[in-house]
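Step one of this worksheet: look at the structure below.
Numbering (the working numbering), first residue to last: 8 to 189.
If you want it as C-alpha coordinates, here you go:
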(Lines of atoms letter the chains of each structure in order from A and count residues from 1; the text may use other names and numbers.)
(Lines give C-alpha, C1' and ligand atoms only; values in the text may rest on other atoms or scores of the structure.)
Protein backbone atom coordinates (compact mmCIF):
# COMPACT_ATOMS: atom_id res chain seq x y z
CA UNK A 1 0.00 0.00 0.00
CA UNK A 2 1.47 3.37 -1.01
CA UNK A 3 1.45 6.53 1.09
CA UNK A 4 -1.63 8.02 -0.60
CA UNK A 5 -3.64 4.80 -0.19
CA UNK A 6 -2.67 4.71 3.48
CA UNK A 7 -3.79 8.33 3.82
CA UNK A 8 -7.20 7.53 2.27
CA UNK A 9 -7.68 4.64 4.71
CA UNK A 10 -6.91 6.80 7.73
CA UNK A 11 -8.31 10.24 6.81
CA UNK A 12 -11.67 11.57 7.95
CA UNK A 13 -13.09 14.33 5.76
CA UNK A 14 -14.88 16.98 7.79
CA UNK A 15 -17.98 18.42 6.11
CA UNK A 16 -19.43 21.65 7.46
CA UNK A 17 -22.98 21.12 8.74
CA UNK A 18 -24.18 24.10 6.69
CA UNK A 19 -23.02 22.51 3.41
CA UNK A 20 -26.19 21.36 1.63
CA UNK A 21 -25.36 20.33 -1.93
CA UNK A 22 -22.75 17.65 -1.32
CA UNK A 23 -24.35 14.32 -2.23
CA UNK A 24 -21.79 13.83 -5.04
CA UNK A 25 -18.94 14.25 -2.56
CA UNK A 26 -20.43 12.06 0.16
CA UNK A 27 -21.33 9.43 -2.45
CA UNK A 28 -17.72 9.30 -3.65
CA UNK A 29 -16.39 9.07 -0.09
CA UNK A 30 -18.85 6.28 0.77
CA UNK A 31 -18.10 4.36 -2.44
CA UNK A 32 -14.37 4.50 -1.68
CA UNK A 33 -14.78 3.74 2.05
CA UNK A 34 -13.36 7.10 3.09
CA UNK A 35 -14.58 8.24 6.50
CA UNK A 36 -16.39 11.53 6.84
CA UNK A 37 -18.19 13.42 9.54
CA UNK A 38 -20.45 16.44 9.72
CA UNK A 39 -19.27 19.18 12.04
CA UNK A 40 -19.60 22.94 12.14
CA UNK A 41 -16.46 24.52 10.74
CA UNK A 42 -15.55 28.09 11.66
CA UNK A 43 -15.03 28.84 7.96
CA UNK A 44 -14.95 26.93 4.72
CA UNK A 45 -16.94 23.86 3.75
CA UNK A 46 -14.42 21.00 4.09
CA UNK A 47 -11.32 20.06 6.00
CA UNK A 48 -9.84 16.85 7.39
CA UNK A 49 -8.37 15.03 10.32
CA UNK A 50 -6.12 12.02 10.45
CA UNK A 51 -5.20 9.93 13.47
CA UNK A 52 -5.22 12.35 16.40
CA UNK A 53 -4.39 15.45 14.31
CA UNK A 54 -7.20 17.82 13.29
CA UNK A 55 -6.33 20.09 10.34
CA UNK A 56 -9.58 22.09 10.34
CA UNK A 57 -7.71 25.25 11.33
CA UNK A 58 -4.86 24.64 8.89
CA UNK A 59 -6.21 23.40 5.53
CA UNK A 60 -9.72 24.39 4.46
CA UNK A 61 -11.71 24.24 1.24
CA UNK A 62 -14.52 26.57 0.27
CA UNK A 63 -16.64 24.98 -2.47
CA UNK A 64 -18.74 26.78 -5.08
CA UNK A 65 -21.04 24.74 -7.31
CA UNK A 66 -20.64 27.03 -10.33
CA UNK A 67 -19.71 30.49 -11.56
CA UNK A 68 -23.18 31.87 -10.81
CA UNK A 69 -23.00 30.85 -7.15
CA UNK A 70 -19.59 32.51 -6.86
CA UNK A 71 -20.95 35.63 -8.58
CA UNK A 72 -23.75 35.86 -6.02
CA UNK A 73 -21.22 35.58 -3.20
CA UNK A 74 -18.95 38.23 -4.70
CA UNK A 75 -21.66 40.66 -5.79
CA UNK A 76 -24.57 40.28 -3.34
CA UNK A 77 -22.85 38.88 -0.24
CA UNK A 78 -19.39 40.33 -0.74
CA UNK A 79 -18.83 41.68 2.77
CA UNK A 80 -19.73 38.37 4.42
CA UNK A 81 -17.92 36.25 1.83
CA UNK A 82 -14.75 38.33 1.84
CA UNK A 83 -14.73 38.28 5.64
CA UNK A 84 -14.81 34.48 5.50
CA UNK A 85 -12.00 34.36 2.93
CA UNK A 86 -9.99 36.79 5.06
CA UNK A 87 -10.47 34.62 8.18
CA UNK A 88 -9.45 31.51 6.22
CA UNK A 89 -6.32 33.31 5.06
CA UNK A 90 -5.33 34.73 8.43
CA UNK A 91 -5.91 31.56 10.42
CA UNK A 92 -5.11 28.68 8.07
CA UNK A 93 -1.96 27.84 6.16
CA UNK A 94 -3.88 26.62 3.15
CA UNK A 95 -7.07 28.52 2.15
CA UNK A 96 -8.58 26.86 -0.94
CA UNK A 97 -11.47 27.63 -3.25
CA UNK A 98 -12.84 25.01 -5.65
CA UNK A 99 -15.12 26.19 -8.45
CA UNK A 100 -17.14 23.33 -9.92
CA UNK A 101 -18.44 23.37 -13.51
CA UNK A 102 -15.60 25.72 -14.43
CA UNK A 103 -12.81 23.82 -16.19
CA UNK A 104 -10.13 26.53 -16.08
CA UNK A 105 -9.40 30.22 -15.68
CA UNK A 106 -9.93 30.91 -19.40
CA UNK A 107 -13.47 29.54 -19.12
CA UNK A 108 -14.02 31.76 -16.07
CA UNK A 109 -12.59 34.90 -17.72
CA UNK A 110 -14.88 34.44 -20.72
CA UNK A 111 -18.03 33.39 -18.82
CA UNK A 112 -21.03 35.49 -19.79
CA UNK A 113 -24.64 35.33 -18.70
CA UNK A 114 -26.99 34.63 -21.60
CA UNK A 115 -29.65 37.19 -22.54
CA UNK A 116 -32.53 35.05 -21.29
CA UNK A 117 -30.96 34.79 -17.81
CA UNK A 118 -30.14 38.51 -17.87
CA UNK A 119 -33.81 39.31 -18.44
CA UNK A 120 -35.30 36.66 -16.11
CA UNK A 121 -33.04 37.59 -13.19
CA UNK A 122 -32.92 41.30 -13.97
CA UNK A 123 -29.13 41.23 -14.11
CA UNK A 124 -27.09 44.26 -15.08
CA UNK A 125 -23.71 42.59 -15.75
CA UNK A 126 -23.27 40.15 -18.62
CA UNK A 127 -19.56 39.31 -18.44
CA UNK A 128 -19.51 38.22 -14.80
CA UNK A 129 -16.57 35.87 -15.36
CA UNK A 130 -14.19 38.74 -15.98
CA UNK A 131 -15.19 40.45 -12.72
CA UNK A 132 -14.90 37.21 -10.76
CA UNK A 133 -11.51 36.48 -12.30
CA UNK A 134 -10.18 39.92 -11.39
CA UNK A 135 -11.43 39.53 -7.81
CA UNK A 136 -9.89 36.07 -7.46
CA UNK A 137 -6.57 37.29 -8.88
CA UNK A 138 -6.49 39.98 -6.20
CA UNK A 139 -7.48 37.56 -3.44
CA UNK A 140 -4.86 35.02 -4.59
CA UNK A 141 -2.04 37.52 -4.22
CA UNK A 142 0.50 36.73 -1.52
CA UNK A 143 -0.02 40.16 0.03
CA UNK A 144 -3.78 39.75 0.26
CA UNK A 145 -5.45 36.39 1.08
CA UNK A 146 -3.13 33.81 -0.57
CA UNK A 147 -6.27 32.02 -1.80
CA UNK A 148 -5.52 28.86 -3.80
CA UNK A 149 -8.10 28.68 -6.60
CA UNK A 150 -8.86 25.28 -8.15
CA UNK A 151 -11.04 24.71 -11.22
CA UNK A 152 -12.92 21.54 -12.07
CA UNK A 153 -14.86 20.76 -15.23
CA UNK A 154 -18.01 19.29 -13.68
CA UNK A 155 -18.54 18.04 -10.17
CA UNK A 156 -17.65 14.37 -10.57
CA UNK A 157 -14.01 14.87 -9.66
CA UNK A 158 -14.50 17.28 -6.77
CA UNK A 159 -13.97 14.70 -4.01
CA UNK A 160 -10.81 13.43 -5.71
CA UNK A 161 -9.47 16.99 -5.98
CA UNK A 162 -10.29 17.64 -2.32
CA UNK A 163 -8.50 14.46 -1.24
CA UNK A 164 -5.45 15.48 -3.30
CA UNK A 165 -5.36 18.89 -1.61
CA UNK A 166 -5.65 17.26 1.80
CA UNK A 167 -3.12 14.52 1.01
CA UNK A 168 -0.39 16.89 -0.17
CA UNK A 169 -0.95 19.21 2.78
CA UNK A 170 -0.64 16.22 5.16
CA UNK A 171 2.37 14.83 3.26
CA UNK A 172 4.21 18.17 3.49
CA UNK A 173 3.24 18.54 7.15
CA UNK A 174 4.78 15.13 7.91
CA UNK A 175 7.96 16.09 6.09
CA UNK A 176 8.22 19.30 8.10
CA UNK A 177 7.86 17.61 11.50
CA UNK A 178 10.08 14.66 10.69
CA UNK A 179 13.14 14.58 12.95
CA UNK A 180 16.30 15.95 11.40
CA UNK A 181 19.01 13.40 10.67
CA UNK A 182 22.66 13.92 11.60
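Glycine included, C-beta positions come from ideal geometry on N, C-alpha and C.
Helix or strand or just coil, what does DSSP make of residue i?
| i | result |
| --- | --- |
| residue 61 | strand |
| residue 193 | There is no way to answer for residue 193, as the model of the chain reaches only from 8 to 189. |
| residue 70 | strand |
| residue 22 | strand |
| residue 15 | helix |
| residue 173 | helix |
| residue 45 | strand |
How about residue i and residue j: do their beta carbons lie closer than 8 Å?
| i | j | result |
| --- | --- | --- |
| residue 67 | residue 50 | yes |
| residue 15 | residue 72 | no |
| residue 92 | residue 176 | no |
| residue 64 | residue 105 | no |
| residue 48 | residue 166 | no |
| residue 180 | residue 110 | no |
| residue 162 | residue 31 | yes |
Would you grab the beta carbon distance between residue i and residue j for me? Rounded to a whole angstrom, and I think it's under 8 Å.
| i | j | result |
| --- | --- | --- |
| residue 69 | residue 95 | 7 Å |
I'd like the list of long-range same chain contacts for residue i, defined as Cβ closer than 7 Å, with 5 residues on each side in sequence excluded.
| i | result |
| --- | --- |
| residue 117 | 136 |
| residue 78 | 135, 139 |
| residue 11 | 174 |
In chain order, what residues of the same chain lie with their CB nearer than 6 Å to the CB of residue i, ignoring the 5 residues before and after it?
| i | result |
| --- | --- |
| residue 46 | 21 |
| residue 41 | 15 |
Three Cβ pairs or more, each shorter than 8 Å: is that satisfied between the stretch 163–179 and the stretch 16–29?
These segments touch.
So, do the stretch 132–141 and the stretch 22–35 have three or more beta carbon pairs nearer to each other than 8 Å?
At 8 Å Cβ cutoff, the stretches do not touch.
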